[in-house]
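> Numbering (mature numbering (1 follows the signal peptide of the UniProt record, and there is no 0)) for the sequence shown: -24 to -1, 1 to 393.
Here it is, the structure in full.
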Amino acid sequence: MKVGLLQDCCIRLTLFDIVISASAQQGEVESGTRRKIKRLLSFQRYCHASRLLRGLVPHTPGSLHLLDDDYLGQAAHMLSKVGTWNFDIFLFDRLTNGNSLVTLMCHLFNVYGLIHHFQLDMVKLHRFLGMVQEDYHSQNPYHNAVHAADVTQAMYCYLKEPKLAEQLSPLDVFLGLMAAAAHDVDHPGVNQPFLIKTRHHLASLYQNTSVLESHHWRSTVGMLRESGLLSHLPADMSQDMEQQLGSLILATDISRQNEFLLTFREHLDNQDLDLQLASHRHFILQIALKCADVCNPCRVWELSRQWSERVCEEFYRQGDLERKFDLEISPLCNQQADSVPSIQIGFISYIVEPLFEEWHRFTEPSLLSQTMMGHLHKNKARWSRLRYAHTPSDTQTHSHAEEPEPEGGGGEGEDIP
Ligand SMILES: *[C@@H]1O[C@H](CO)[C@@H](O)[C@H](O)[C@H]1NC(C)=O
Ligand SMILES: [Zn+2]
């Protein structure tokens, strides 16, 4: 009778859907009840989404719209605007019941005709994408599948740049999207120095260099082979794809930022980029992926702020772990000393601005670049005002030093502010 119950439940929930959306607006439903119903609705969404993902629903390219589910209907509508810079990936993730990465990738593969071009098997593709999405840690506040989907969406926007779009081959697009989707897969939510000092096996495996990025890449290769997604291609071609994916993913190592920035700047100064050359296109894909990876401060404030809070929460959790295990607290990871605004201002000034200034130049500048630079400057100014507002004025008289040093230091346990 379980099946009957389930169907019954789903039918009634559809009615609830109408009731709940109407009364939620008027605030008439008691919040506990609303939460319970929401949970049930999300189960209903799961029925549809998981059937879609497991290929139980007959799947033709772009078949998302065939499902007459309210949420997936809204998600499909959002996909029609996937190339706009203010795309709300958080909303999209909720509408797809946490399947933003798989749904987005399937859509973009259809948009570009990659399935046909590379003669990809839909079942294998779904299996691969499902594995990638699953291997992101949903408990991570920042480095989870939503970040991957966000980077993929940004990457898509960059691939569409007029300067680039016509020059790119299907292989470039395929690799760019795949690298974006998988670039942080199985991220543990702590950084490389933490893995090194806790003697994590990945640190010794990759000899303390690009530890995380190497792991993201090798995991991706593992899933490619396990899913057999590229198994129908000539061996030298699939090997080349794996190598290029590695080169793209490894470029996201932020400790190699200067190396890439200087090379990029030199190319722009010399005006010697020739996008007819595969090697130059590969370099631009590396830069585009790096931009996509750190583009949070270039988004509209409301999205940007959420990412900032998430990344800082992840840092603070690492700091809490370090405190708990008597390790030195890493830079930016001390919730007491490193405020969200100050972390963001540092990140923008040292990483994001220098990179996007060159990207701006590369796009000569495009409309998108101008939009991004506009958000970047506004967001930075906003964090500056917030930092000023958050300086601990409750500790009475302070000569206005920009960043008050944490007092004392070296105290054991919980000390008094
Ligand atoms: C990695 O770093 C740790 C800690 O500093 C050190 O003990 C170890 O020898 C290093 N390993 C390699 C391969 O450099
Ligand atoms: Zn990332």
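Each residue gets a CB set at the ideal place from its N, CA and C atoms; glycine is no exception.
These figures come from a predicted structure and were not determined experimentally.
(1) What residue range does the alpha helix (DSSP H) around residue 49 cover?
(2) Do residue 327 and residue 363 have their CB atoms nearer than 8 Å?
(3) Buried or exposed, going by whether 16 or more other CB atoms sit within 10 Å of the CB of residue 257?
(4) Leaving out the 5 sequence neighbours to the left and right, which residues in its chain are closer than 6 Å to residue 74 when beta-carbon positions are compared?
(5) Residue 273 lies in the alpha helix (DSSP H); which residues open and close that run?
(6) How about residue 166 and residue 179: do their beta carbons lie closer than 8 Å?
(7) Using the rule of at least 16 other Cβ atoms within 10 Å of the residue's Cβ for burial, across every protein chain shown, is residue 51 buried or exposed?
(8) Can you look up residue 182 in the DSSP assignment and give me helix, strand or coil?
(9) With distance defined between alpha-carbon atoms, name the residue in 231, 302, 288 nearest to residue 308.
(10) Counting Cβ pairs closer than 8 Å, one from the stretch 102 to 117 and one from the stretch 222 to 241, do we hit at least three?
(11) Any chance you could list the residues with Cβ under 5 Å from a heavy atom of ligand 2, keeping chain order?
(12) Measuring alpha carbon to alpha carbon, tell me which of 265, 197, 193 ends up nearest residue 133.
(13) Please give me, in chain order, every unbroken run of the alpha helix (DSSP H) with length at least 4 that falls completely inside the stretch 266 to 350.
(14) Examine ligand 1 and report whether any of its heavy atoms sits within less than 7 Å of the Cβ of residue 183.
(15) So, are the CB atoms of residue 156 and residue 268 less than 8 Å apart?
(16) Beta-carbon within less than 7 Å of residue 171's beta-carbon, same chain only, minus the 5 sequence neighbours each way: which residues are those?
(17) Go ahead and pull the three-state DSSP assignment for residue 100.
(18) Check residue 241 in the structure and name its three-state DSSP category.
(19) At what residue ranges does the stretch 136 to 171 contain a whole run of the beta strand (DSSP E), taking only runs of 3 or more?
(20) Determine, using beta-carbon pairs with one atom in the stretch 202 to 217 and one in the stretch 92 to 110, whether at least three such pairs fall under 8 Å.
(21) Is the closest heavy atom of ligand 1 to the C-beta of residue 172 under 7 Å?
(22) Go ahead and pull the three-state DSSP assignment for residue 259.
(23) Output the distance between the C-alpha atoms of residue 312 and residue 283, rounded to the nearest integer angstrom.
(24) So is residue 301 buried or exposed if we call it buried at 16+ other beta carbons inside 10 Å?
Result, derived from the coordinates:
(1) 46 to 55
(2) no
(3) buried
(4) none
(5) Per DSSP, residue 273 belongs to no alpha helix (DSSP H) and is neither H nor E.
(6) no
(7) buried
(8) coil
(9) 288
(10) no
(11) 160, 269
(12) 265
(13) 277 to 300, 316 to 323, 329 to 338
(14) yes
(15) yes
(16) 178, 179, 187
(17) helix
(18) helix
(19) none
(20) yes
(21) yes
(22) helix
(23) 20 Å
(24) exposed
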